[in-house]
Amino acid sequence: MTPALINDLGLFVLALLVGFEVISKIPATLHTPMMSGANSIHGVIVVGAVLIAGLVDSPLGYVLLFIAAAFAAMNVVGGYVVTDRMLGMFKAPREKQPAAPERDVLT
Amino acid sequence: MSTVEIVIRLVYLVAAVGFVIGLHMMRSPATARKGNLLSAAGMLAAIVATFFLVADGTLGFRVTTWGWFALAGGLLVGSLAGLGGARRVQMTAMPQLVSVFNAVGGGAAAAVAIVDFLRVAGESAPGAEFTIPVSLDVLIGAVTFTGSLIAAGKLQGWVSGSPLTFPGSRVLSVLSALAGVTGVVLVVVDPSVWALMVVLIAASVFGVLMVLPIGGADMPVVVSLLNAFTGLAVAMAGFVLSNDILIIAGALVGASGAILTKLMADAMNRSVMAIMIGGFGVGDSAASGAATDGMADVRRTDVDDVAIQLAYASKVIIVPGYGLAAAQAQREAGELGAMLADRGITVYYAIHPVAGRMPGHMNVLLAEADVPYTQLKEMDEVNPEFDTCDVALVIGANDVTNPAARRTGNAISGMPILDVDKAHSIVVIKRSLGHGYAGLDNELYANPKTGMLFADAKKGLTGLLAAVKENVA
Chain A
198 MTPALINDLG
208 LFVLALLVGF
218 EVISKIPATL
228 HTPMMSGANS
238 IHGVIVVGAV
248 LIAGLVDSPL
258 GYVLLFIAAA
268 FAAMNVVGGY
278 VVTDRMLGMF
288 KAPREKQPAA
298 PERDVLT
Chain B
311 MSTVEIVIRL
321 VYLVAAVGFV
331 IGLHMMRSPA
341 TARKGNLLSA
351 AGMLAAIVAT
361 FFLVADGTLG
371 FRVTTWGWFA
381 LAGGLLVGSL
391 AGLGGARRVQ
401 MTAMPQLVSV
411 FNAVGGGAAA
421 AVAIVDFLRV
431 AGESAPGAEF
441 TIPVSLDVLI
451 GAVTFTGSLI
461 AAGKLQGWVS
471 GSPLTFPGSR
481 VLSVLSALAG
491 VTGVVLVVVD
501 PSVWALMVVL
511 IAASVFGVLM
521 VLPIGGADMP
531 VVVSLLNAFT
541 GLAVAMAGFV
551 LSNDILIIAG
561 ALVGASGAIL
571 TKLMADAMNR
581 SVMAIMIGGF
591 GVGDSAASGA
601 ATDGMADVRR
611 TDVDDVAIQL
621 AYASKVIIVP
631 GYGLAAAQAQ
641 REAGELGAML
651 ADRGITVYYA
661 IHPVAGRMPG
671 HMNVLLAEAD
681 VPYTQLKEMD
691 EVNPEFDTCD
701 VALVIGANDV
711 TNPAARRTGN
721 AISGMPILDV
731 DKAHSIVVIK
741 RSLGHGYAGL
751 DNELYANPKT
761 GMLFADAKKG
771 LTGLLAAVKE
781 NVA
């Protein structure tokens with residue numbers, strides 16, 4: 198095992214524990230928006246798609262890169278926008294002003 | 311480590327903090343939206359930083375012109391598709407959209423691993439620290455890709471909501487799982503492209519066969535489980551590329567999805583195992599079954615009676631269920647609640663953890679109908695209120711109100727329920743005496759305090775709204 202791998206494993210395990218702890222305290226009211234929010238966070242795979250851009254130099258590679266980038270971007274952009282839309286509907290009582298027009302989180 | 315790399319690692323750290331604090335802020339409706347924006351800001355920072363890393367060339371690779379085109383084109387197409395879907399979707403169709411986003415996330419994770427494997431395998435014989443995460447990434451990513459698409463199809467009604475099996479489907483499903491695992495072992499023992507293709511194909515087939523036999527009523531649990539799987543696939547991609555932020559964010563989602571899945575299954579008094587093996591979930595159509603014989607002595611009521619009962623109550627608890635979501639009657643329910651609240655009546659909405667299609671889905675639907683979230687009460691909070699409640703108005707909810715759950719020896723024994731039967735009087739708006747997905751008679755309907763208003767949730771509520779206006783104006 199290389200030192201880099203040990204590092205990565207440490208990060209992985211600690212992040213799992215943080216995930217258990219942060220999520221287990223969320224009230225059921227917000228479970229669907231939370232799930233959608235978590236769904237957008239795994240859209241971070243777009244970082245992976247950018248990283249592999251330098252690794253491809255064949256037609257097959259370009260096609261796979263295009264697919265990875267398109268899928269990841271759809272996950273991350275759609276995920277955050279739909280979560281924002283859901284959460285924008287939770288209004289405090291007597292909030293008189295109409296809801297602001299939907300903002301794009303990422304465009 | 312170059313300066314660029316150091317700066318980027320620090321940006322990743324900031325992004326990770328954004329994800330964790332963002333999720334943390336989603337614990338309360340007041341801060342949830344800011345939390346999501348914080349998480350999005352972290353995401354944007356991580357993506358921009360990665361662009362600099364790749365453009366800088368410190369990784370030892372240069373992106374070709376075609377590479378930039380493929381990347382930019384993909385990002386543009388994907389962003390537009392995601393944005394369009396997210397902005398146009400009806401809130402009732404939102405669970406399937408989340409499922410589609412989950413599918414493409416898993417697909418992207420698999421594609422990333424395949425690209426890196428093709429490069430590495432062409433140059434040298436990679437070690438297990440590379441082949442294990444690559445094959446697991448492809449395995450999990452492909453299962454979530456096809457599985458989530460089938461789940462979305464079931465939620466949308468494109469694929470039948472009832473459990474689908476065909477002769478030999480169980481055997482095929484076990485075989486495809488075995489083939490997938492064998493492929494992983496092959497990739498690790500003797501890395502080759504065809505072995506990875508075995509993993510990809512077997513896992514894709516398994517994803518389909520895993521979700522097909524599961525009933526539509528259990529889809530929320532399945533979507534949540536697949537969401538956790540995608541997180542793990544992304545974390546594996548992080549191991550493949552030795553990238554901090556992929557590992558951290560992937561593990562965070564993997565853990566959160568696992569917890570959420572367990573919470574959902576618990577609230578339905580089911581085990582995740584039983585659902586995945588294909589238990590008794592029979593899909594959406596069961597709710598519209600015909601009236602049953604053993605429940606002849608129910609009391610019918612009509613909209614005028616109910617309207618007067620509601621208008622002169624001092625405390626009303628509305629219990630929305632799947633029938634309300636299916637009829638898209640959330641706006642009517644919200645109007646009725648607002649009208650009663652304007653008359654000085656205390657109005658609560660009792661939200662069972664699995665009301666609607668996903669935990670919290672009912673809250674979203676009601677919030678869309680401008681119901682103040684302070685009126686939305688979760689089960690534990692609202693149950694003591696039923697004792698002093700004049701009218702409990704049950705709209706399209708069934709199993710979650712069935713007092714039979716308090717006894718042992720039936721399909722819903724032990725499932726936490728709303729104590730609707732403790733209210734002074736009960737009105738149930740429902741299309742028929744049909745069963746919920748547990749397939750049980752609801753004893754609540756035979757309760758002498760209960761009046762049944764047989765109607766579709768939307769028509770029933772529209773009628774009630776008109777009757778309240780007419781009778782008390």
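If you read the sequences in order, they're chains A and B. The opening residue of the first sequence carries number 198 in the working numbering; numbering runs sequentially from there. The opening residue of the second sequence carries number 311 in the working numbering; numbering runs sequentially from there. The beta-carbon is built from N, C-alpha and C at its ideal position, and this holds for glycine as well.
Residues of the stretch 410-429 of chain B with a C-beta less than 9 angstroms from any C-beta of chain A: V410, F411, N412, A413, V414, G415, G416, G417, A418, A419, A420, A421, V422, A423, I424, V425, D426, L428 and R429, listed in chain order. Only residues of its own chain outside the window of five on either side were considered, and among them G633, L634, A637, A639, I705, G706 and I739 have a CB closer than 7 angstroms to the CB of A767(B), listed in chain order. CA-to-CA, the gap between P630(B) and F764(B) works out to about 15 angstroms.
Taking 9 angstroms as the Cβ-Cβ cut-off, the stretch 630-649 of chain B has no residue approaching chain A. Taking the Cα of H662(B) as reference, the smallest distance to any Cα among V327(B), M725(B) and A621(B) is reached at M725(B). Listed in chain order, the alpha helix (DSSP H) runs fully inside the stretch 689-731 of chain B are 689-692, counting runs of at least 4 residues. Secondary structure of T374(B) (DSSP, three-state): coil. Under the 9 angstroms criterion on CB atoms, R741(B) is classed as non-interfacial with respect to chain A. Of all residues in the stretch 252-265 of chain A, only L252, V253, D254, S255, P256, L257, G258, Y259, V260, L261, L262, F263, I264 and A265 place a beta-carbon less than 9 angstroms from a beta-carbon of chain B. The three-state secondary structure of I661(B), taken from DSSP, is strand. For L763(B), the enclosing beta strand (DSSP E) starts and ends at T760 to F764. For T402(B), the closest alpha carbon among the candidates F329(B), A677(B), A365(B) and M507(B) is that of A677(B). At least one CB atom of chain A sits nearer than 9 angstroms to the CB of P339(B). Per the Cβ contact rule, the stretch 429-442 of chain B is not in contact with the stretch 480-487 of chain B (fewer than 3 Cβ pairs under 8 angstroms).
Judged by beta-carbon spacing, V737(B) lies within the 9 angstroms limit of A702(B), meaning their Cβ atoms are closer than that value.
Note that the stretch 337-350 of chain B touches the stretch 227-247 of chain A; at least 3 beta-carbon pairs, one per stretch, sit closer than 8 angstroms. Along the stretch 683-709 of chain B, the positions whose C-beta sits under 7 angstroms from a C-beta of chain A are Y683, T684, L686 and E688, read in chain order.
Of the residues assessed, D607(B) falls on the exposed side of the cut-off, its CB having fewer than 16 other CB atoms within 10 angstroms.
For a Cβ distance threshold of 8 angstroms, nothing in chain B lies close to P200(A): the least Cβ distance comes to about 11 angstroms. Pairing L542(B) with G517(B) gives a Cβ-Cβ distance that is not under 9 angstroms. Using beta-carbon distances, H745(B) does not count as an interface residue toward chain A, since no partner is under 9 angstroms. Closer than 9 angstroms to the CB of H334(B) there is at least one CB belonging to chain A. Interface with chain A (9 angstroms Cβ-Cβ cutoff): T711(B) is excluded. Residue contact with chain A for V657(B): absent (no Cβ-Cβ distance below 9 angstroms to any residue of chain A). For the stretch 231-245 of chain A, the residues whose beta carbon sits under 8 angstroms from a beta carbon of chain B are, in order, M231, M232, S233, G234, A235, N236, S237, I238, H239, G240, V241, I242, V243, V244 and G245. Under DSSP, T656(B) shares a beta bridge with K625(B).
The way I'd put it, the stretch 408-426 of chain B doesn't touch the stretch 313-325 of chain B; fewer than three beta-carbon pairs between them come closer than 8 angstroms.
For V738(B), the enclosing beta strand (DSSP E) begins and ends at S735 to K740.
By the Cβ test, the stretch 340-351 of chain B is in contact with the stretch 232-252 of chain A, since at least three Cβ pairs between them sit closer than 8 angstroms.
The criterion of a C-beta distance shorter than 9 angstroms is not satisfied by G525(B) and S445(B).
Scanning S434(B), D554(B) and R397(B) for the CA closest to the CA of V241(A) turns up D554(B). Residue V710(B) holds the alpha-carbon nearest to the alpha-carbon of S723(B) among G394(B), H734(B) and V710(B). Scanning chain B for C-beta atoms nearer than 8 angstroms to the C-beta of I220(A) yields L333, A565, S566, I569 and L570, reported in chain order.
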